[in-house]
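See structure below.
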Amino acid sequence: MKLEIQNVSKRYRGNTYGLRDFSITIEKGILGLLGPNGAGKSTLLKMIATVSKPTDGLILLNKNNIVKDANYMRQQLGFLPQDFGVYPNLNAYEFLEYMAAMKGVGGKNLRDRISGLLEGLNLLDTAKKPIGGYSGGMKQRVGIAQALLNQPKVVIFDEPTVGLDPEERVRFRNLISELANDCIVVLSSHIVSDIDTIADQVAVMKNGSLLTKGPQEGITGLVSDNVFETVLDKEQLSIFKTNHLVVSTTRKEGALKVRYIANGPIENSIKQQANLEDAYLYLTKTN
Ligand SMILES: Nc1ncnc2c1ncn2[C@@H]1O[C@H](COP(=O)(O)OP(=O)(O)O)[C@@H](O)[C@H]1O
Ligand SMILES: [Mg+2]
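All residue numbers for the sequence shown refer to our numbering, where the first residue is 292 and numbers rise by one.
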């Protein structure tokens, strides 16, 4: 499996770009697509899912041009759009049966497949109640289930963990890990902790451009010698913030523990083990 995005741009009305001369190659495994709101994540994912077309560039799946031959992608695609909507009067069973019919998924195993997905997403108990009464997290899980109905080879999830509580996130993670054996899975988020434990590769984007892509260790390595911690009072912190990149502050016995990124430590600092959150902040704040 190989998905190649080559010099893709998406220009919206006027002169706004959702994506600009964007290139990335995605192979089997889980790619976490990270970027602040407005970075272009949804713009990219919609074009991969063939519900939107590039204004420039090529998208190839296993060397097939899917801008021209969208069906080649659609036959093996599972897509959860960011703005996924459900039919409130149907229950989860009915909704998934409906979606299966739309996707041309059938056969005598369909009921088992639907039950399996509902179970994996912890929806069995409510599957016979109308979706209109579900919480946001439950609706989101129905959206995840519909994307997996056709046993897709390319799975695109746009902000899938929005609305999920911590327990639901763990379930989602397990489901995705099982899925990823020989598929391409792309998950987008603007929250590092949503993807850092499951993604094999991480891509960071901002303003329609790719800032970096690689394994998590590689990206964290960008700031491995640059993360420090010091203790400051409130006044010192406000000055410190104007010329240092502060990752986080925590209260400690009346003073503030400040985690920051810098070329070198200021006085009384302790070097810290860098993590993906540090690297993400560094990349998105300095680019
Ligand atoms: N339909 C649209 N028309 C005009 N501009 C759009 C449209 N969709 C997205 N954009 C713009 O493209 C940029 C990227 O948006 P989007 O892909 O939704 O980012 P993300 O998903 O990372 O939050 C933003 O500046 C957004 O305002
Ligand atoms: Mg988006």
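By construction, the Cβ of each residue, glycine as well, lies at the ideal position given by its N, Cα and C atoms.
Shown here, I422 sits in a helix according to DSSP, grouped into three states. With a threshold of 16 other beta carbon atoms within 10 Å, P443 meets it and is buried. The beta carbon of L310 is closer than 7 Å to those of V299, S300, K301, G331, T334, L335, G499 in its chain, skipping five residues each way along the sequence.
Assigned with DSSP and collapsed to three states, A330 falls in coil, not helix or strand. Assignment of V377 by DSSP, reduced to helix, strand and coil, places it in the coil class. D416 sits in a helix when the DSSP states are folded into three classes.
It is roughly 49 Å from the alpha-carbon of Q366 to the alpha-carbon of F519. G323 is bridged by DSSP to L478, V493. A straight-line Cα-Cα distance of about 44 Å links S468 and D524. Taking the Cα of L294 as reference, the smallest distance to any Cα among D347, K354, A553, M338 is reached at K354. The criterion of a C-beta distance shorter than 8 Å is satisfied by Q507 and A490. With a cut-off of 7 Å, the C-beta of N306 is classified as distant from ligand 1, since no heavy atom of the ligand falls inside that distance. Across the structure, T521 and N559 are spaced so that their CA atoms are roughly 6 Å apart. Within the model, the alpha-carbon separation for L324 versus R402 is close to 33 Å. Under DSSP, D347 shares a beta bridge with S300. One residue list follows from the rule of a beta carbon closer than 5 Å to any heavy atom of ligand 2, given in chain order as K332, S333, Q373. Under the 8 Å Cβ criterion, the segment 380-387 counts as touching the segment 395-415, having at least three qualifying pairs. No Cβ-Cβ contact shorter than 8 Å links I422 with P451. Counting other Cβ atoms within 10 Å of its Cβ, V461 stays below 16 and is therefore classed as exposed. Counting the other CB atoms within 10 Å of its CB gives S480 a total of 16 or more, which places it among the buried residues. With fewer than 16 other beta carbons inside 10 angstroms of its own, M393 counts as exposed.
For I557, no beta strand (DSSP E) segment is defined, and its DSSP state is neither H nor E.
For P457, the enclosing alpha helix (DSSP H) starts and ends at 457-470. Residue nearest to Q564 within the set V477, L513, E388 is L513 (criterion: CA-CA distance).
Taking 7 Å as the cut-off, the C-beta of G348 does not count as close to any heavy atom of ligand 1. Taking R550 as the centre and dropping the five residues before and after it, the same chain places the C-beta of E520, V538, S539 closer than 6 Å to its C-beta, in chain order. Here L574 carries a helix assignment [DSSP, helix/strand/coil].
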